[in-house]
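Worksheet: the structure to be examined is printed underneath.
There are 2 protein chains.
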Amino acid sequence: MTSPAPLDDRVGAMFRALAEPRRRAILQLVATTERAAGEIAAEFEVSRTAVSQHLTVLKESGLIAERREGTRRLYRARREAVRELQAALDGIWSDALDRARALVEEEQ
Amino acid sequence: MTSPAPLDDRVGAMFRALAEPRRRAILQLVATTERAAGEIAAEFEVSRTAVSQHLTVLKESGLIAERREGTRRLYRARREAVRELQAALDGIWSDALDRARALVEEEQ
DNA sequence: CGATTCCGTCAGTCGGCGCTAACGTTAGCG
DNA sequence: CGCTAACGTTAGCGCCGACTGACGGAATCG
Numbered sequence: 814m815t816s817p818a819p820l821d822d823r824v825g826a827m828f829r830a831l832a833e834p835r836r837r838a839i840l841q842l843v844a845t846t847e848r849a850a851g852e853i854a855a856e857f858e859v860s861r862t863a864v865s866q867h868l869t870v871l872k873e874s875g876l877i878a879e880r881r882e883g884t885r886r887l888y889r890a891r892r893e894a895v896r897e898l899q900a901a902l903d904g905i906w907s908d909a910l911d912r913a914r915a916l917v918e919e920e921q
Numbered sequence: 814m815t816s817p818a819p820l821d822d823r824v825g826a827m828f829r830a831l832a833e834p835r836r837r838a839i840l841q842l843v844a845t846t847e848r849a850a851g852e853i854a855a856e857f858e859v860s861r862t863a864v865s866q867h868l869t870v871l872k873e874s875g876l877i878a879e880r881r882e883g884t885r886r887l888y889r890a891r892r893e894a895v896r897e898l899q900a901a902l903d904g905i906w907s908d909a910l911d912r913a914r915a916l917v918e919e920e921q
């Protein structure tokens, strides 16, 4: 309730995005180097359309950011989003502690 | 080569397992407290069969471990697996650096 | 202006996944 | 040994998601 934006949905979107092997490869491609959509598509043996859809999913999850330059669109990975994901992984245990504590108080 | 199973597949299996909201909730339930399958199923409003399948997916991904006690099967989260996942997330950047370096040598 | 480049978007198909219902299995009790 | 409890497993169904092919749009060059 503290966060106005649905944080759990955002985390879920990131996990769903990373569940696809090709999207992980794309994310790795734009991790350090900003790349255009065409360059990314050229790295894989799938249609350019599929890559574009993968980029859309990654962008909507917040894992990558888009920047336009002429007719090209350049993509780069957002490391902050990954850190948010790692925090969520740690939260699995810390939040679980809170819930366990609530259960103890209830059953006593 | 330190791991007998292909690491990228294991990481992918973990991401795929975490992509499902219900599996994340289950993982959180058994994060600190070891629980039986029936107890877990009672927490959600889905059939016990569905929970059992989720537990299978989580177990095969390595995110949880199973222990038998009589007719019951107790599950607990494996925090080491989560740490392996976080390392993979960091690896997106470190491995990308290696690949970028190789590309530079190629194009020169 | 027309042509080209670089992309995203829209149907449509197909395989995979989550769910339910019925059945099979193992452990413990009388 | 029959019975029950506590599970996993299988078959089937509905649906989402990854992919392809065709189309549309914005920026650049001549």
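Top to bottom, those sequences are chains W and F. Here the first sequence is numbered in this note's numbering, starting from 814 and rising by one per residue. Here the second sequence is numbered in this note's numbering, starting from 814 and rising by one per residue. Every residue gets a Cβ at the ideal spot worked out from N, C-alpha and C, and that includes glycine. Here the structure is a predicted model, which means the values were calculated and not measured.
Span of the beta strand (DSSP E), counted from its first residue to its last, around residue i
i	result
Leu887 of chain F	Arg885 to Ala890
Ala878 of chain F	Ile877 to Glu882
Below-8 Å beta-carbon distance, residue i vs any chain F residue
i	result
Arg848 of chain W	no
Gly825 of chain W	yes
Gly905 of chain W	Sequence check: residue 905 of chain W is Ile here, not Gly. By this cut-off, Ile905 of chain W is an interface position.
Leu887 of chain W	no
Met814 of chain W	Because Met814 of chain W carries a pLDDT of 45, less than 50, the predicted location of this residue cannot be relied on, and the following value inherits that uncertainty. Chain F contact via Cβ: absent.
Beta carbon of residue i nearer than 8 Å to that of residue j
i	j	result
Leu876 of chain F	Ala830 of chain F	yes
Val886 of chain W	Ala849 of chain W	A quick correction: the sequence has Arg, not Val, at residue 886 of chain W. Contact: yes.
Ala890 of chain F	Leu840 of chain F	yes
Ala826 of chain W	Ser874 of chain W	yes
Arg836 of chain W	His867 of chain W	yes
Ile853 of chain W	Leu842 of chain W	yes
Arg892 of chain F	Trp906 of chain W	yes
Tyr888 of chain W	Glu858 of chain W	no
Leu898 of chain F	Val895 of chain W	no
CB contact check: residue i to chain W, cutoff 8 Å
i	result
Leu831 of chain F	yes
Gln866 of chain F	no
Asp908 of chain F	yes
Ala844 of chain F	yes
Phe857 of chain F	no
Leu871 of chain F	no
Leu840 of chain F	yes
Leu820 of chain F	no
Opposing strand residues paired with residue i [DSSP bridges]
i	result
Ile848 of chain F	With the sequence shown as reference, residue 848 of chain F is identified as Arg, and Ile is not the correct amino acid for it. In DSSP, Arg848 of chain F forms a bridge with F:Tyr888.
Alpha helix (DSSP H) segment containing residue i, residue limits
i	result
Ala863 of chain F	Arg861 to Ser874
Val773 of chain F	A query on residue 773 of chain F cannot be resolved here, the shown segment of chain F reaching from 814 to 921 and no further.
Cβ-heavy atom distance, residue i to the ligand HEM, below 7 Å
i	result
Glu897 of chain W	No copy of the ligand HEM appears in this structure; indeed no ligand is present at all.
Practice task
Report the residues of the segment 890-903 of chain F with a CB closer than 8 Å to any CB of chain W, ordered along the chain.
Solution key: Per Cβ criterion, the list reads Ala890, Arg892, Val895, Leu898, Gln899 and Leu902.
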